[in-house]
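These notes are about the structure you will find just below.
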Amino acid sequence: MNKFQLAQYIVSKYPNQVTPMKLQKLMYYSYAWQLVANDKKFDASFEAWPYGPVEPQIYEFFKKFGRNPIKPDSSTDINEPLIDFILDSYSVFSAVELSKTTHMELPWKKFKNTNEVIPDEELVAYYSEQVFAKNFPMGTSSKFYPPKTSSHYSFTFDMKEEYVPEFNNIEEYLENFSNEKERLNDLSGKLKKWNAFKN
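Just so we're aligned, residue 8 is where the sequence shown starts under our numbering, counting upward by one.
Encoded structure:
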């Protein structure tokens, strides 16, 4: 599998959901975590651009879509459980949330504004110390440990002991995430109605 095949797979796996920015972040995390899992599926070179880690060839290929979702050329199947596991874990977050998260993490911060390639060793050194690394090698953990995002860092900023969520499996995590999202959307709708009523 090459990086362009992976990009097309991501776009077809999540139709009308993946902008160029979200694609960059999903590919970045797929690349980093495959290194941590010691099971490399594709090659890429992520550079530390001013607004986050970017794979320049992927950027050039998809930049014509701007901020819009990328339209898939065709349905692509790569049959890689590791990549699916990483993608499913991160795809629930918005492009902005994923971007903010990369900005809070050491690999990009260390090389910020240099436009240099972030070395594989830096990615492995940092991400292997994160909670999500407990999921690897796949099938060795009896629990699922979700990835940390910028919201998690904000939530735990004032806490003396960091809260580490865990689930029985990734399906439970995704269901929980979906329920929370639905609850927040419902609350948001009620607030909009209340504000409209007040005005």
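Positions of the beta carbon are idealized from the N, C-alpha and C atoms, including for glycine. Treat the numbers as computed from the prediction; the structure is a model and nothing was measured.
Does the distance from the CB of LYS70 to the CB of PRO27 come in under 8 Å? Yes, the pair counts as a contact, with Cβ atoms nearer than the cut-off.
Does the Cβ of ALA44 have 16 or more other Cβ atoms within 10 Å, making it buried, or fewer, making it exposed? Buried, by the Cβ-count rule.
With burial defined as no fewer than 16 other Cβ atoms inside 10 Å of the residue's Cβ, what is the status of ALA132: buried or exposed? exposed
What are the boundary residues of the alpha helix (DSSP H) that includes GLU129? Counting along the chain, the alpha helix (DSSP H) containing GLU129 begins and ends at 127–134.
Grouping DSSP H, G and I as helix and E and B as strand, with all else coil, what is GLU62? Correct three-state label for GLU62: coil.
So the beta strand (DSSP E) GLU54 belongs to, where does it begin and stop? 54–56
Sequence ranges, beta strand (DSSP E) only - wholly within the segment 63–148, length at least 3: When DSSP assignments are scanned along the segment 63–148, no uninterrupted stretch of beta strand (DSSP E) that is 3 or more residues long falls wholly within it.
Considering LYS150, what are the terminal residues of the alpha helix (DSSP H) in which it resides? Unbroken run through LYS150: none, as it is neither H nor E.
Consult DSSP for LYS32 and reduce its assignment to one of helix, strand or coil. Assignment of LYS32 by DSSP, reduced to helix, strand and coil, places it in the helix class.
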